[in-house]
Amino acid sequence: MDYSKIIPDGISSLKPSGIRKFFDIVSTMKDTVSLTIGEPDFVTPWHIRVAGIESLERGRTYYTSNSGVADLRAAIAEYLERRFSLRYDPAREIVVTVGGSEAIDITMRALVAPGDEVIIPQPSFVCYEPLCRMCGGVPVIIETKEKDRFRLTADALRAAITPRTKLLVLPFPNNPTGAVMKREDLEAIADVLRGTDIMVLSDEIYAELTYGEDHVSAASVEGMRERTVLASGFSKAFAMTGWRLGYIAAPAEIAPQLLKIHQYAIMCAPTTSQFAAIEAMRNGDADVAEMRAEYNRRRRFLVGGLQTMGIECDMPEGTFYVFPNISGFGMGSDEFCERLLREKRVAIVPGTAFGPSGEGYARISYAYSVDHISVALDRIEDFIKDKR
Amino acid sequence: MMRNGKNADELLSILENNSKLTPEALARMTGTDREDVEKKLKEYENEGVILGYKTMIDWDKTDREYVSALIELKITPQEGKGYEHVAEKICKYPEVESLYLMSGSFDLAVLIEGKTMREVAFFAAEKLATIDGVVSMSTHFVLRKYKDKGIEFGSVPTDERGNMN
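So the sequence lines, in the order shown, correspond to chains A and B. Take the first sequence: its position 315, counted from the start at 1, is 315 in the numbering used here, and no numbers get skipped. Take the second sequence: its position 128, counted from the start at 1, is 128 in the numbering used here, and no numbers get skipped.
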């Protein structure tokens, strides 16, 4: 068989995730202190796990409705209103998905036709560009800048729009930069989009992890709800990554189109996870607050440590990442991270894993204990001391 | 006690879970400076809000022999002194780990630790039962400790997280 002819170019030319590549190196090395992982180090709160266990004990091992258990959709709608002043009809406007990842995938597939342009701010999570390409879409990258605190500006957006623009991805709070969009930032974006047919995919998976003001959802800004597909999930806020559960909230004209893809590709999200998630939505706010407070301490601890050793680092306002500028050490991001790993056994992710604009930066996760972060900081300080 | 405000409460809740943190680390975590943290810690210590800094040890993982017990005591309260007099007396014994005044079918719960069962039994019979006002006593030996002060005993958790998203 000639496998080279079997796989379409669009798939064979896709590169595996750059984060993954680095992780594979890390996993072969001993005594490594890793600050690479992008998931909570907390275990899912016990009462949420119990809800999952009980659903199994009661024999709830069936498929649910395609869009998800009605109680869960209702609980999500209540939650979105309670936390972000959003109103969605649980019967027609919410689809429960397999993680935020599926939410992003089906949104791209429902909206992007071959030749459509998709505006993607970078640095950002690795999935948008490949998923867009798989739909035949054309990624149009906007490089966000450190001087703008890695926010998307209205000017940059305006300059990127063409008659073929179909979709804008809004990945905020942002992995890897930790950037958040304030209400006024989003209003400026809405001003640019008003009167157009451009849709927005707002990936708000880190919405619960902001440390200054509360998160403002893109869909809550005037003129945005009608064009926004809100993608979110349970992984980051409720420490439920392994449950693989997310959701989309979108206008009634859009959600049923996404649901068709979900229906044929997935059938329904895992039932056990859905029952656990009902508990998370109804009784999880205090857990989220507690985890957020702990992340906040670690954020201050990590950023303070980096600043003390003279590494430029803005205090990021969301997620559990910091994205320091490491361009002053006479090497590129990849080299910096590889040498840090080989010489001092500390793993962080090169900024380039999140797009070429990540050059000069690195992502450091603080989903780790303070003791763990502290050891890594000592080693980083040791690494940079003779490299300026 | 609360007059130091939100920041101070935060300090306590951090320290309650990890007393090993240095004033520098605490300052960074709470967004203040080291002098401020040291001053607050001193205040807490002086006011008796912070009573000590101890370490959680799973002695079962060492070769140290020990046994612990929960002893229930019924007390006749003394006129004008209530339970305080008896409680103060019991507190003085270094063998006593914890002492609580309880509601319900008995009055004082005494958690004690000793080298051997014999030692604990002897202490209960000779030292506690003989205190004026103690009416009855019931001793329960601890067979196994699963969780103490919020910390679970057993295997050390390893980081099994697999992805880097």
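Where is the CB? At the ideal position from N, CA and C, for every residue including glycine.
Buried or exposed (CB count within 10 angstroms, at least 16 for buried), residue i
i         : result
Pro77(B)  : exposed
Lys236(A) : buried
Ser101(A) : buried
Tyr286(A) : The sequence shown places Ala at residue 286(A), not Tyr. Flag for Ala286(A) reads exposed.
Glu81(A)  : exposed
Arg392(A) : This structure cannot settle anything about residue 392(A), because the visible part of chain A is limited to 1 through 388.
Phe383(A) : buried
Met181(A) : buried
Ser44(A)  : The question names Ser, yet the displayed sequence has Thr at residue 44(A). Result: buried.
Ile106(A) : buried
Leu202(A) : The displayed chain sequence assigns Ser, not Leu, to residue 202(A). With 16 or more other Cβ atoms within 10 Å, it is buried.
Leu101(B) : exposed
Val135(B) : exposed
Gly52(B)  : exposed
His47(A)  : exposed
Ile278(A) : buried
Asp89(A)  : exposed
Pro8(A)   : exposed
Which of helix, strand or coil DSSP assigns to residue i
i         : result
Ile254(A) : coil
His372(A) : helix
Val180(A) : coil
Arg92(A)  : coil
Gly5(B)   : Interpretation of Gly5(B) is limited by its pLDDT of 48, a score under 50 that renders its predicted location unreliable; the figure taken from the coordinates is listed afterwards. In this structure, Gly5(B) counts as helix in the three-state DSSP scheme.
Phe141(B) : strand
Arg363(A) : strand
Pro134(B) : Rather than Pro, the amino acid found at residue 134(B) in this sequence is Val. If DSSP states are grouped into helix, strand and coil, Val134(B) belongs with the strands.
Lys147(B) : strand
Gly104(B) : coil
Asp203(A) : strand
Glu117(A) : strand
Ile112(B) : strand
Asn325(A) : strand
Thr352(A) : helix
Leu35(A)  : coil
Pro40(A)  : coil
Glu317(A) : coil
Option nearest residue i by Cα separation, candidates the options
i         : options                                       : result
Arg345(A) : Asp378(A), His262(A), Ala280(A) and Gly195(A) : Asp378(A)
Thr144(A) : Leu167(A), Ala362(A) and Gly355(A)            : Gly355(A)
Thr271(A) : Glu335(A), Arg73(A), Tyr128(A) and Gly10(A)   : Arg73(A)
Ala289(A) : Arg83(A), Glu39(A) and Gly38(A)               : Arg83(A)
Ala255(A) : Cys313(A), Arg225(A) and Met309(A)            : Arg225(A)
Arg158(A) : Ile141(A), Glu146(A), Lys147(A) and Ser27(A)  : Ile141(A)
Phe172(A) : Asp191(A), Leu152(A) and Arg363(A)            : Leu152(A)
His262(A) : Ser327(A), Ile94(A) and Ile25(A)              : Ile94(A)
Gly10(A)  : Pro114(A), Gly351(A) and Asp386(A)            : Pro114(A)
Nearest-angstrom Cα separation, counted from residue j out to residue i
i         : j         : result
Ile112(B) : Val142(B) : 10 Å
Val349(A) : Ala51(A)  : 35 Å
Ala87(B)  : Leu56(A)  : 49 Å
Ser138(B) : Glu72(B)  : 5 Å
Thr177(A) : Pro130(A) : 20 Å
Ile50(B)  : Ser13(B)  : 11 Å
Asn4(B)   : Glu10(B)  : With a pLDDT of 43 at Asn4(B), under the threshold of 50, the modelled position of that residue is not reliable, and the figure given next carries that caveat. Rounded to whole angstroms, Asn4(B) to Glu10(B) spans 10 Å at the Cα level.
Thr32(A)  : Glu160(B) : 14 Å
Tyr146(B) : Val156(B) : 13 Å
Cys132(A) : Phe320(A) : 26 Å
Ser273(A) : Ile53(A)  : 10 Å
Ile266(A) : Asn325(A) : 41 Å
Arg87(A)  : Thr158(B) : 41 Å
Cys268(A) : Val96(A)  : 8 Å
Met2(B)   : Asn18(B)  : For Met2(B), the predicted structure reports a pLDDT of 38, less than 50, and the residue's modelled location is therefore unreliable. The matter cannot be settled from this model.
Leu128(B) : Ile90(B)  : 7 Å
Met281(A) : Thr228(A) : 22 Å
Met1(A)   : Met29(A)  : 37 Å
Ile151(B) : Asp71(A)  : 35 Å
Asp33(B)  : Glu24(B)  : 7 Å
Asn283(A) : Arg292(A) : 16 Å
Val322(A) : Arg244(A) : 25 Å
Asp155(A) : Asp185(A) : 11 Å
Leu21(B)  : Leu258(A) : 49 Å
Ala231(A) : Val169(A) : 11 Å
Ser103(B) : Val37(B)  : 38 Å
Partner residues on chain D for residue i, Cβ-Cβ distance less than 8 Å
i         : result
Phe301(A) : In the structure shown, chain D does not exist; the protein chains are A and B.
Cβ pair count under 8 Å reaching 3, the segment 19-32 of chain A against the segment 215-226 of chain A:
no
Looking at C-beta atoms only, is the number of pairs between the segment 303-315 of chain A and the segment 61-68 of chain A that lie closer than 8 Å three or more?
no
Could you say if the segment 47-67 of chain B and the segment 110-127 of chain B meet the contact criterion of at least three C-beta pairs nearer than 8 Å?
yes
Are the segment 189-209 of chain A and the segment 160-170 of chain A touching, with three or more C-beta to C-beta distances below 8 Å?
yes
Counting Cβ pairs, one atom from each stretch, are 3 or more of them under 8 Å apart for the segment 227-247 of chain A and the segment 37-44 of chain A?
yes
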